[in-house]
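Residue numbers (my numbering), protein chains in the order written: chain A, 103 to 492; chain B, 103 to 492; chain C, 289 to 689; chain D, 289 to 689.
What follows is the structure, encoded as structure tokens:
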């Protein structure tokens with residue numbers, strides 16, 4: 103089966119194992135208990151944005167090892183099995199560095215040497231936090247490696263590498279134990295592992311994000327000295343894969359948040375009375391809410407389709423063809439859905455919606471944040487057009 | 103005052119004289135009397151698509167001379183004054199060749215020699231019908247003159263010109279006394295006047311149009327022999343102007359039809375009862391109907407803005423700058439509005455809307471026709487971007 | 289598609305080969321997209337011949353019992369045959385009310401006599417069936433049905449009228465919902481369900497001209513029309529329940545219908561092919577960035593629609609709103625097609641102003657007709673506005689208007 | 289803009305010159321777009337100083353009488369001054385409830401004593417005014433006002449609470465709508481209108497944190513607050529009529545308001561400039577065809593919005609729905625801005641996930657805040673959904689829900 107194009111056939115693979123269904127149930131239950139809306143609000147002004155005890159419980163549940171092969175201490179359930187977990191987290195706006203740490207693990211798994219895998223992957227399973235430092239301009243697009251952050255001090259391949267430059271919007275930087283940094287290494291894109299302990303003092307300055315449940319920082323890597331074995335040997339393919347996996351995981355999280363937004367709207371529409379009627383009886387509120395449901399349903403179908411294709415493919419092979427299409431479609435759909443849902447959530451709450459106390463605020467801000475992570479909808483549609491129409 | 107661009111100012115000129123207001127009143131009244139919905143339906147299957155007596159009355163009212171200078175027997179009210187007349191015709195789906203004949207007159211006025219003006223313009227005022235034959239492919243865009251319809255039999259400029267080729271979708275061809283034909287004349291675009299009497303037998307074959315109130319035909323000009331004085335000396339500028347004026351007149355007509363569509367919807371929504379309520383009380387019908395009103399209001403503002411700018415400019419000078427912007431904006435807005443209105447009109451009439459007997463059918467078909475005349479909305483937005491964003 | 293086992297895979301290629309060998313030549317008119325477009329004897333004869341041929345080859349009613357014209361095989365085979373017919377875009381099996389509604393109902397509820405009498409004629413296309421639910425002026429509100437059926441000795445006397453009777457002028461039988469008890473306290477309880485003959489005195493049909501200019505539906509008038517009392521299905525007053533039962537068969541062969549494809553669907557591929565052929569400023573439209581962005585939006589939506597049909601089979605992924613996909617299916621797909629077809633027309637340039645019958649149309653006017661015809665799906669069987677209410681109230685639990 | 293005569297043209301350039309010479313330096317914080325964003329003393333002091341300066345220069349209250357702090361000039365001059373302030377995007381004149389609502393009301397209805405007491409303080413920004421119409425839990429439904437005003441000797445005793453009181457914590461006076469007669473047969477007839485002092489015992493305010501995280505509104509609580517009986521405007525029971533009267537002043541200086549700009553509007557030009565600065569794949573976003581198509585759509589819409597304000601002055605072009613433009617103005621413009629601002633954020637790439645206060649934001653987070661703040665306009669003063677009902681019912685004559 104191939105992707106829908108001029109040749110007229112479409113890959114609509116969708117499967118979900120009993121094991122995955124159990125994982126989804128347990129993730130739903132965990133997130134709902136550990137991250138009710140009061141817990142979420144209590145973390146808004148915190149430095150780390152998450153509760154370390156909850157993170158440790160997630161590690162204990164094995165979530166950090168879901169997509170890591172057994173030989174590195176993981177549970178080898180496949181990357182697709184991260185989707186139900188991340189969707190559940192999105193549904194309850196549960197913070198923690200699970201997404202970025204999963205991406206760091208995948209970068210090492212896909213791009214790293216055997217020594218790097220053996221060193222880092224068991225640590226990640228055990229709760230060590232890795233973060234991706236990819237951005238050096240505002241565009242998640244093609245210029246990623248065009249701006250240098252590293253200089254080799256000499257062209258001798260065994261010599262030390264000295265980094266210079268900053269990365270923007272490094273997720274959960276303050277709690278990261280290490281970073282996977284995209285660098286311009288002698289004119290070529292590369293990924294390097296930098297340990298937090300290698301950073302200079304004050305290298306991390308927190309960003310102010312529109313989504314107060316998220317954390318990111320600008321990280322200055324200048325002056326960090328690396329030995330050549332800090333570089334990932336297969337950086338280029340890993341970088342491409344990470345961007346697609348990142349898009350999918352953000353899509354999964356956004357789908358969960360769309361479902362939460364829908365719950366929030368439905369709850370208000372079935373309790374608030376105006377002009378003598380429950381406001382959910384007005385079609386001007388009822389029908390757009392139905393639209394949100396339908397779009398959320400589309401998002402969910404697309405993220406689990408992408409999850410299915412990821413798990414059908416080789417454990418480490420590159421993301422190509424239908425899998426790339428599926429990740430991009432999922433991201434384009436899921437964050438557009440959440441943008442619509444968040445916007446309507448505020449509007450439909452009326453005066454209450456305009457306050458910081460109303461939970462709609464959390465969803466509209468998450469929507470704004472999510473649309474820009476790992477490429478916005480227009481960016482992914484542009485790439486989909488190249489994949490499907492040329 | 104200049105057009106809204108990066109420099110931050112906007113031309114929002116809008117004026118309407120008392121004379122124009124009287125013309126609008128009389129046109130509204132005339133069209134409503136001469137073209138009620140029964141009259142419209144009675145002409146659907148007719149050959150000419152209009153009532154010749156009504157055409158003669160329109161000529162007697164002076165509508166064929168509104169935009170023609172006094173020295174050619176016209177009333178010199180300005181092209182902008184055609185807008186209220188054409189809008190009124192659109193409101194009642196009144197057939198006749200007034201739009202195409204107005205364009206033919208403008209082509210001669212703007213592109214013709216003094217001799218051509220003196221010969222043809224008084225005839226047009228008196229009711230002689232001219233038609234524009236512009237299209238030789240399906241694109242109203244730049245390829246207009248790329249396909250040849252004419253061949254000079256020799257390069258001697260005084261020699262006869264023999265035409266060869268067809269034109270598509272020539273409006274009201276069967277009742278036209280003459281045609282303004284865009285031709286490829288020795289590699290250059292040109293406009294030529296061809297009299298209906300010069301056509302060979304069976305040269306005209308009627309098109310089947312989605313809008314059954316309109317008439318057009320494919321006209322084969324092959325074998326028509328012209329003397330060089332059948333060519334308009336300033337063809338190129340005239341051609342550009344005609345396309346913009348055509349866009350505006352279609353926009354004016356579509357705006358009138360949007361208003362008619364709105365009336366048709368409102369009338370049904372205020373009389374039809376379903377589930378025990380007048381259906382207009384349902385917000386799922388009420389609010390989109392309000393959207394149609396707002397869009398129709400926008401269309402109307404834009405067509406009269408363009409009319410204002412046309413009349414502010416020189417009587418014959420080229421359409422440029424703000425005037426070009428205004429014509430293109432009017433077309434893009436007005437036909438998008440009618441497409442939306444027509445689509446909703448059918449839907450909101452329920453089962454009745456699906457029948458040929460329901461008038462919504464007339465409007466949705468007109469909408470489909472109008473969007474493609476003189477460039478669709480995307481085409482005009484593309485050109486607007488070049489005018490406003492570069 | 290599910291994974292085929294060996295015998296299924298072999299059957300699939302056998303069907304495909306037969307369809308490719310036997311698909312009819314271009315008849316010289318636009319093929320109907322749905323059974324609602326059978327507006328002339330010419331089209332009727334064409335489709336009757338095709339359905340008979342498919343049935344004769346053994347690819348229709350495969351899961352119905354052999355003694356009534358079926359093949360007595362597992363439903364999986366019919367599903368495979370349907371999938372192949374859909375994929376190869378052969379003509380529709382047009383006797384839809386018989387194949388998809390009346391047939392399975394008779395199989396589930398009917399007497400041996402009824403099965404003997406009706407089923408084979410449905411499959412071999414000899415007996416055309418129509419449906420008499422909707423009435424003029426009552427739109428989607430079946431509870432308001434006014435057509436009366438009064439018991440008179442061994443007959444019922446029928447008076448009233450029905451609208452949107454597909455092929456009412458060609459049908460031999462109608463599944464008819466009529467009111468036997470006007471006094472019933474709850475108005476749904478006063479309805480009864482009949483397998484009514486159409487060729488009796490007092491029944492006349494009036495073709496309805498559609499928005500497309502074509503025919504396909506009739507209005508059906510009953511004036512003291514006398515039908516045998518044993519035409520009733522179930523008991524008096526059970527009509528509503530039985531009518532609702534027919535709706536479950538709509539899901540196709542897997543729910544008991546005879547099979548065959550009832551809709552020749554226009555898919556995105558058709559639109560992509562069109563965009564590849566049309567030129568704008570010297571380039572194929574498919575290269576225009578704005579058009580590409582719009583096409584991709586539709587392709588994402590189409591993919592999600594297709595995936596929804598798969599996801600419905602995975603309960604773990606439908607927990608929060610278990611009935612969402614099923615109840616919103618009509619709304620999602622019919623509105624998608626409306627917008628997609630409308631968009632297709634917007635791309636056609638001047639040729640878009642032509643219509644079926646003009647030699648210069650793109651695809652014979654296929655898109656024009658498809659867009660206009662699509663309103664039958666966003667209006668019929670409950671308008672999109674009513675569907676949105678159903679989803680809002682029955683899936684999300686929002687209050688009634 | 290209308291055509292200026294010579295003295296007007298000269299005045300226009302004089303205003304422009306003064307504004308350019310006197311516009312304040314960048315204060316180091318995002319300037320408020322509207323008076324609803326005055327959330328700190330710092331912002332308040334800045335705006336107070338600016339309004340005082342504009343008034344001192346003679347460009348505020350120009351058409352108000354000289355004896356009350358105005359200039360006694362024709363309204364045309366104030367219009368011109370406003371146009372120039374708008375064009376040059378100087379800061380707002382923030383005392384909006386005084387300048388635009390209370391002031392003109394006092395001019396039209398007030399006694400000499402009231403004019404003397406209130407007007408100058410409105411203009412020179414010494415006395416901040418606020419509005420007390422909305423109440424918690426009653427949203428747009430003013431008829432349901434519960435706050436009581438009971439006559440007690442020479443005072444009224446006020447009990448209840450108001451919400452969305454802009455600058456309630458800074459205001460000296462409130463225009464207050466309260467219920468004097470709970471028994472009135474028609475509930476609108478039981479309301480009265482007061483020019484109420486805020487610095488009395490029994491009135492307390494609680495700042496409301498907005499969706500943006502900032503402040504600007506308060507909830508205002510009245511507990512046996514005692515205000516002089518002569519604070520009433522008009523008679524008891526006329527409150528609703530007077531409240532409606534204030535609405536007409538909203539149209540600006542030409543309708544009697546003191547003038548000054550009350551909204552620093554974000555126009556399309558700002559969005560175009562942003563699109564010219566942002567790069568995607570090495571090109572300015574302004575060169576991206578999909579973005580261009582979207583921008584042009586917004587520009588057409590903006591142009592139509594601007595033209596509507598001109599067309600309303602030409603009755604011949606508003607015949608079929610004479611009140612359409614006026615009644616739909618809020619709906620059209622606030623929804624336009626909501627969509628336009630939301631779109632602007634979608635173009636920002638990763639920087640769009642930052643917020644006010646981050647040094648790497650585009651324009652200091654201007655668009656983020658503008659989008660979120662815009663909900664006050666699509667919600668306050670009747671939600672867009674209520675507005676659509678008003679237009680449907682009062683312009684098109686559609687039936688009520």
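Idealized CB from N, CA, C, for every residue including glycine. Note that the structure is predicted; figures quoted are calculated from it, not measured.
Using CA atoms only, rank isn't needed, just tell me which of the options is closest to residue i.
i                     : options                       : result
residue 533 (chain C) : C:502, C:465 and C:587        : C:465
residue 309 (chain B) : B:116, B:295, B:318 and B:287 : B:318
residue 362 (chain A) : A:377, A:190, A:335 and A:218 : A:190
residue 193 (chain B) : B:461, B:484, B:490 and B:482 : B:461
residue 477 (chain D) : D:430, D:458 and D:300        : D:430
residue 465 (chain B) : B:130, B:345 and B:195        : B:195
residue 324 (chain D) : D:665, D:674, D:681 and D:625 : D:665
residue 278 (chain A) : A:429, A:296, A:354 and A:385 : A:296
Looking at the unbroken alpha helix (DSSP H) that takes in residue i, where does it start and where does it end?
i                     : result
residue 392 (chain D) : 391-397
residue 622 (chain C) : 612-634
residue 681 (chain D) : 672-682
residue 485 (chain B) : 479-491
residue 405 (chain A) : 385-414
residue 662 (chain D) : 654-667
Could you name the residues that DSSP lists as bridge partners for residue i?
i                     : result
residue 514 (chain C) : C:445
residue 579 (chain C) : Beta-bridge pairing links residue 579 (chain C) to no other residue.
residue 320 (chain A) : A:307
residue 419 (chain D) : D:463
residue 376 (chain B) : B:379
residue 521 (chain D) : D:481
residue 297 (chain B) : B:280
Can you tell me where the beta strand (DSSP E) with residue i in it begins and where it stops?
i                     : result
residue 439 (chain C) : 436-440
residue 368 (chain B) : Not the beta strand (DSSP E): residue 368 (chain B) falls in the alpha helix (DSSP H), residues 337-371.
residue 234 (chain A) : 232-235
residue 280 (chain A) : 280-287
Minimum length 3: unbroken beta strand (DSSP E) runs contained in the region 446-507 of chain C: Segments of the beta strand (DSSP E) lying fully in the region 446-507 of chain C: 461-467, 479-485 and 491-496.
Residues from the region 422-433 of chain B in contact with chain D, defined by Cβ distance under 7 Å: Answer in chain order: 431.
What ranges does the beta strand (DSSP E) occupy inside the region 301-346 of chain C, keeping only unbroken runs of at least 3 residues that lie completely in it? Contiguous beta strand (DSSP E) elements confined to the region 301-346 of chain C do not occur, taking only those with 3 or more residues.
Residues of the region 573-602 of chain D with Cβ closer than 7 Å to any Cβ of chain C, in chain order: Listed in sequence order: 577, 578 and 581.
Using a Cβ-Cβ cut-off of less than 8 Å, give me the residues of the region 334-349 of chain A that come near chain B, in sequence order. Nothing from the region 334-349 of chain A brings a Cβ to less than 8 Å from some Cβ of chain B.
What are the complete alpha helix (DSSP H) segments, minimum 4 residues, inside the region 146-187 of chain B? Every alpha helix (DSSP H) stretch that sits fully inside the region 146-187 of chain B and reaches 4 residues is listed by chain position as 154-163.
In chain order, what are the residue ranges of uninterrupted beta strand (DSSP E) at least 3 long that sit wholly in the region 442-482 of chain B? Within the region 442-482 of chain B, no complete beta strand (DSSP E) run reaches 3 residues.
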